[in-house]
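These notes concern the structure reproduced below.
There are 2 protein chains.
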Amino acid sequence: MGGMGKETAAGDHYHHGNLRAALLDSALVVLTEKGVAGFSMREAARRAGVSQSAPKHHFGDARGLLGALATRAYRRLCDRLEGLDLAGLAARERVARIAAEYVSFAGENRALFDLMWRMTQFDFTAPELAEQKHRALRALDRGLRGEKAAPVHDTDPALVPSYAVWALVHGYTTLALEGAIDSGNPDPLHGDLLPAMLTLLAVPDLP
Amino acid sequence: MGGMGKETAAGDHYHHGNLRAALLDSALVVLTEKGVAGFSMREAARRAGVSQSAPKHHFGDARGLLGALATRAYRRLCDRLEGLDLAGLAARERVARIAAEYVSFAGENRALFDLMWRMTQFDFTAPELAEQKHRALRALDRGLRGEKAAPVHDTDPALVPSYAVWALVHGYTTLALEGAIDSGNPDPLHGDLLPAMLTLLAVPDLP
DNA sequence: CCCCCCATCTTGACAGTGAGCAGTTTACGG
DNA sequence: CCGTAAACTGCTCACTGTCAAGATGGGGGG
């Protein structure tokens, strides 16, 4: 992209209109139905009604398409985390809300959530993707400490609690989705195991 | 399988000898080199010096081969966890040792570790695999509580601390391997972030 | 002793995939 | 009104997983 100013409202009497967005949508559908392993770029193009090599022009190859999809997913997760209303809540309660939102996102977008943490498998290194991944931690940290302090540097010891919350919630989510935890429960993501685990975590109660 | 009694010491002047084990080994090599996404059953067979469809008889299809590989990986992880000498250590120290072992295993067998938690992507449901996955938690729990109590049922509230440790360590490991945490560190698995996070976790100090 | 059976492995073929390359259609700027 | 560059097409190539049918060899029944 860069200088194209026509993909927006031109409608669909173009060649196709805004193929990029349409491809992202159809790719999401395919990904949701077939999973990451069964994903096929050709099928995504097929569902968008274009030829098999049309995506080549917008995204370079399959990794490019999946990368764009993952980037969009990171953005959505960040938006949801930042959209939470945590004003006036105690730290413990803020953690619970954030964890619930994180788990809900994962449950509602399983294939997408899988993809997000599988990008190294595709040896994909896009700066924007790393940027969004970083934004996720910052959103989580801001929510945890009540929008207060500016998160300093990545290795600041003050970030340890945020990292711990993230790791615990993320680990629980992936293990539960994989069926390794609470395998009897048909919907392990909404049990009361995660809240119980979070009570074991000492979170500093900043005002 | 079931009644084959010749694959053991018969040597290699058979057709090939014990192809099953050879295939598992070459498959592990391919998996390590190319990663889960780039894995190819044909190449595994090629490296074992046999034809492309030789694996068909031992493992049904590609999922069968990867499943067997993952099962063996679970067993190795369990063995390592159970092989730790934790006698006379405080709970906090036991947790640290177990976490270190878990992280070491993941770092030394990255591709294998990835595969272990990706099996649902291959809609693979083998009873032995679930069994080994279960054994992992039990080993972790036994180590945590000092070989003392028999772990009761899966949903027993006494297991919550073990689940919490597992989730935290597992989440940290996957996030670190993915580059989401401590991305500056060339070897994030051996930093001091994980111990710092573990100190935030309240572990019951059973004798 | 021999021969047949069956597990094991090979060959060949099919459908489907990702990735390049040469050509064709279309909208826009001159 | 037309040239140009983007957008899109069909083609080819190498590769993959999976299947069906043919070779190969050892072990057990005759």
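Note that the protein sequences, when read in sequence, are chains H and A. Every position in the first sequence, counted from 1, becomes a number in the working numbering once 1436 is added. Every position in the second sequence, counted from 1, becomes a number in the working numbering once 1436 is added. Each residue gets a CB set at the ideal place from its N, CA and C atoms; glycine is no exception.
I believe Ala1509 (chain H) touches Leu1611 (chain A) by the beta-carbon criterion, under 8 angstroms. Please report the beta-carbon distance rounded to the nearest angstrom. About 16 angstroms; that fails the 8 angstroms criterion.
Using a beta-carbon distance cut-off of less than 8 angstroms, what residues from the region 1528-1539 of chain H approach chain A? So the list is empty, because no residue satisfies the distance condition.
Taking C-alpha atoms, which residue in A:Tyr1599, A:Glu1537 and A:Asp1618 lies nearest to Leu1636 (chain H)? A:Tyr1599
For Glu1518 (chain H) and Ala1575 (chain H), believed in contact at Cβ under 8 angstroms, the rounded distance: 5 angstroms
Starting from the beta carbon of Phe1558 (chain H), find every residue of chain A whose beta carbon is closer than 7 angstroms, and list them in chain order. Ala1473
Show which residues of chain H have a CB atom less than 8 angstroms away from the CB atom of Lys1470 (chain A). Within chain H, no residue comes near Lys1470 (chain A); the closest Cβ sits about 10 angstroms away, beyond 8 angstroms.
First and last residue of the alpha helix (DSSP H) that includes Val1472 (chain A)? Counting along the chain, no alpha helix (DSSP H) covers Val1472 (chain A), and no H or E run does either.
With DSSP as the reference, please indicate the residues paired to Leu1637 (chain A) in a beta bridge. H:Leu1637
For Val1596 (chain H) and Gly1503 (chain H), the rounded distance between their alpha carbons: 28 angstroms
What do you get for Pro1622 (chain A), buried or exposed, if any count of 16 or more other CB atoms within 10 angstroms of its CB means buried? exposed
By the 10 Å Cβ neighbour count, where 16 or more other Cβ atoms means buried, how is Ala1569 (chain H) classified, buried or exposed? At residue 1569 (chain H) the sequence reads Lys, which differs from the Ala that was named. Burial call: buried.
Which value, in whole angstroms, describes the spacing of the CA atoms of Asp1628 (chain A) and His1494 (chain A)? In a straight line, the C-alpha of Asp1628 (chain A) is about 44 angstroms away from that of His1494 (chain A).
Just confirm the distance between the C-beta atoms of Leu1548 (chain H) and Ile1534 (chain H), as a whole number of angstroms; I'd bet it's less than 8 angstroms. So it is not a contact: roughly 19 angstroms between Cβ atoms.
Interface residues of chain H facing Pro1597 (chain A) [CB-CB closer than 7 angstroms]: Leu1636
Let me know if Arg1578 (chain H) comes out buried or exposed under the rule of 16 or more other beta-carbons within 10 Å of its beta-carbon. buried
Among A:Gly1496, A:Arg1478 and A:Ala1594, nearest to Gln1488 (chain A) - alpha-carbon criterion: A:Arg1478
Backbone CA spacing between Ala1566 (chain A) and His1606 (chain A) [nearest angstrom]: 17 angstroms
In the DSSP assignment, find the alpha helix (DSSP H) that holds Leu1613 (chain H) and state where it starts and stops. Val1596 to Leu1613
Could you name the residues of the same chain whose beta carbon sits closer than 8 angstroms to that of Arg1554 (chain A), not counting the 5 residues immediately before and after it, in chain order? Val1472
Pair within 8 angstroms by beta-carbon distance, Leu1634 (chain H) and Ala1532 (chain H): yes
For Leu1580 (chain H), which option in H:Glu1529, H:Asp1497, H:Arg1499 and H:Leu1459 has the closest C-alpha, if you only look at C-alpha atoms? H:Glu1529
Separation of Ala1498 (chain A) from Arg1499 (chain H), as counted between CA atoms: 22 angstroms
Extent of the continuous alpha helix (DSSP H) to which Val1539 (chain H) belongs: Ala1527 to Glu1544
Backbone CA spacing between Asp1653 (chain H) and Arg1456 (chain A) [nearest angstrom]: Lying before the first or after the last residue shown, residue 1653 (chain H) is absent from chain H, which here runs from 1437 to 1643.
Taking 8 angstroms as the threshold (beta carbon to beta carbon), is His1626 (chain H) in contact with chain A? no
Mind pulling the chain A residues with CB within less than 8 angstroms of Tyr1608 (chain H)? Tyr1599, Ala1603 and Gly1607
Quick check: what's the CA-CA separation for Ala1542 (chain A) versus Val1466 (chain A)? Rounded to the nearest angstrom, the two C-alpha atoms are 17 angstroms apart.
Identify the contact partners of Leu1629 (chain A) in chain H, using a Cβ-Cβ distance below 8 angstroms as the criterion. Val1596 and Tyr1599
Which of helix, strand or coil DSSP assigns to Asp1590 (chain A): coil
Which chain H residues are close to Leu1611 (chain A), counting only those with a beta carbon under 9 angstroms from its beta carbon? Trp1553, Tyr1599, Trp1602, Ala1603, His1606 and Gly1607
Give the straight-line distance between the Cα atoms of Ala1461 (chain H) and Asn1454 (chain A), rounded to the nearest whole angstrom. The question names Ala, but residue 1461 (chain H) in the sequence shown is Asp. So the alpha carbons of these two residues sit roughly 48 angstroms apart.
Starting from the Cα of Tyr1538 (chain H), find the closest Cα among H:Val1486, H:Thr1507, H:Gly1496 and H:Tyr1608 and give me that residue. Selected option, being the one with the closest Cα: H:Tyr1608.
Proximity to Leu1573 (chain A) [Cα-Cα], best of A:Arg1511, A:Leu1505, A:Ala1562 and A:Leu1501: A:Arg1511
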